[in-house]
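*Asks:* Residue numbers (this note's numbering): 287 to 380. Handing you this structure, nothing more for now.
Take a look at the structure:
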(Lines of atoms letter the chains of each structure in order from A and count residues from 1; the text may use other names and numbers.)
(Lines give C-alpha, C1' and ligand atoms only; values in the text may rest on other atoms or scores of the structure.)
Protein backbone atom coordinates (compact mmCIF):
# COMPACT_ATOMS: atom_id res chain seq x y z
CA UNK A 1 0.00 0.00 0.00
CA UNK A 2 2.80 2.41 0.89
CA UNK A 3 4.46 1.85 -2.46
CA UNK A 4 1.28 2.89 -4.29
CA UNK A 5 0.95 6.13 -2.32
CA UNK A 6 4.57 7.05 -3.00
CA UNK A 7 4.24 6.18 -6.68
CA UNK A 8 1.02 8.21 -6.95
CA UNK A 9 2.66 11.20 -5.22
CA UNK A 10 5.61 11.09 -7.63
CA UNK A 11 3.23 10.92 -10.60
CA UNK A 12 1.28 13.89 -9.28
CA UNK A 13 4.47 15.93 -8.81
CA UNK A 14 5.63 15.09 -12.35
CA UNK A 15 2.25 16.04 -13.84
CA UNK A 16 2.23 19.32 -11.89
CA UNK A 17 5.77 20.13 -13.05
CA UNK A 18 4.86 19.36 -16.68
CA UNK A 19 1.74 21.55 -16.43
CA UNK A 20 3.81 24.39 -14.97
CA UNK A 21 6.39 24.08 -17.75
CA UNK A 22 3.72 24.05 -20.48
CA UNK A 23 1.88 27.04 -19.00
CA UNK A 24 5.12 29.01 -18.67
CA UNK A 25 6.00 28.24 -22.30
CA UNK A 26 2.54 29.29 -23.50
CA UNK A 27 2.68 32.56 -21.56
CA UNK A 28 6.13 33.32 -22.96
CA UNK A 29 4.98 32.51 -26.49
CA UNK A 30 1.91 34.69 -26.14
CA UNK A 31 3.85 37.66 -24.79
CA UNK A 32 6.87 37.47 -27.10
CA UNK A 33 5.91 40.66 -28.96
CA UNK A 34 4.35 42.41 -25.98
CA UNK A 35 7.40 42.40 -23.75
CA UNK A 36 9.20 45.73 -24.06
CA UNK A 37 12.34 46.18 -22.06
CA UNK A 38 13.89 49.56 -21.50
CA UNK A 39 17.07 50.42 -23.35
CA UNK A 40 19.48 52.99 -22.05
CA UNK A 41 20.59 55.84 -24.33
CA UNK A 42 24.11 54.34 -24.35
CA UNK A 43 22.71 51.02 -25.63
CA UNK A 44 20.70 52.81 -28.32
CA UNK A 45 23.77 54.81 -29.41
CA UNK A 46 25.86 51.62 -29.56
CA UNK A 47 23.30 49.55 -31.47
CA UNK A 48 20.78 51.79 -33.25
CA UNK A 49 17.29 50.32 -33.74
CA UNK A 50 15.73 49.61 -37.12
CA UNK A 51 13.59 52.29 -38.77
CA UNK A 52 10.26 50.70 -37.75
CA UNK A 53 11.33 49.17 -34.43
CA UNK A 54 9.32 50.19 -31.37
CA UNK A 55 11.07 50.14 -28.00
CA UNK A 56 11.16 51.94 -24.67
CA UNK A 57 14.04 54.13 -23.68
CA UNK A 58 14.98 54.72 -20.07
CA UNK A 59 16.80 57.73 -18.74
CA UNK A 60 16.34 61.35 -17.77
CA UNK A 61 14.90 64.08 -19.98
CA UNK A 62 17.63 66.66 -20.56
CA UNK A 63 16.76 70.04 -19.15
CA UNK A 64 15.70 72.58 -21.77
CA UNK A 65 15.12 70.07 -24.59
CA UNK A 66 11.35 69.60 -24.24
CA UNK A 67 9.57 71.12 -27.26
CA UNK A 68 5.86 70.69 -27.89
CA UNK A 69 5.06 70.46 -31.58
CA UNK A 70 1.81 70.55 -33.50
CA UNK A 71 -0.87 68.29 -32.12
CA UNK A 72 0.34 65.60 -29.76
CA UNK A 73 3.96 65.49 -31.00
CA UNK A 74 6.65 66.25 -28.44
CA UNK A 75 10.42 66.23 -28.98
CA UNK A 76 13.07 66.00 -26.29
CA UNK A 77 16.41 64.39 -25.53
CA UNK A 78 16.94 61.51 -23.10
CA UNK A 79 20.27 60.96 -21.36
CA UNK A 80 21.83 58.46 -18.99
CA UNK A 81 24.92 60.54 -18.31
CA UNK A 82 26.92 58.81 -21.03
CA UNK A 83 24.90 59.41 -24.19
CA UNK A 84 22.04 61.64 -25.27
CA UNK A 85 19.35 60.47 -27.70
CA UNK A 86 16.83 62.78 -29.41
CA UNK A 87 13.26 61.47 -29.08
CA UNK A 88 10.10 62.33 -31.00
CA UNK A 89 6.96 61.09 -29.27
CA UNK A 90 3.40 61.27 -30.57
CA UNK A 91 0.55 60.59 -28.18
CA UNK A 92 -0.28 61.09 -24.54
CA UNK A 93 2.84 61.21 -22.39
CA UNK A 94 3.16 58.38 -19.87
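For every residue, glycine included, the Cβ atom is placed at its ideal position computed from N, Cα and C.
Using three-state DSSP, classify residue 372 as helix, strand or coil.
*Replies:* It is a strand residue.
*Asks:* For residue 325, count neighbouring Cβ atoms within 10 angstroms of its own Cβ and tell me buried if that reaches 16, exposed if not.
*Replies:* Buried, since its Cβ has 16 or more Cβ neighbours within 10 Å.
*Asks:* Any contact between the stretch 325–338 and the stretch 292–303? By contact I mean 3 or more CB pairs, one from each, below 8 Å.
*Replies:* These segments do not touch.
*Asks:* Evaluate residue 371 with the Cβ neighbour count: other Cβ atoms within 10 Å of its Cβ, from every protein chain shown; 16 or more gives buried, anything less gives exposed.
*Replies:* With 16 or more Cβ atoms within 10 Å of its Cβ, residue 371 is classed as buried.
*Asks:* Going by the DSSP bridge assignment, what does residue 341 pair with across the sheet?
*Replies:* DSSP, once it has assigned bridges, lists no residue as partnering residue 341.
*Asks:* DSSP three-state label for residue 363, please.
*Replies:* Residue state, collapsed to three classes: strand.
*Asks:* Jot down the residue ranges of each uninterrupted alpha helix (DSSP H) in the stretch 290–344, minimum 4 residues, whole runs only, in chain order.
*Replies:* Qualifying alpha helix (DSSP H) stretches, in chain order: 327–332.
*Asks:* Quick one: Cα of residue 350 to Cα of residue 304, how far?
*Replies:* So the two alpha carbons sit approximately 55 Å from each other.
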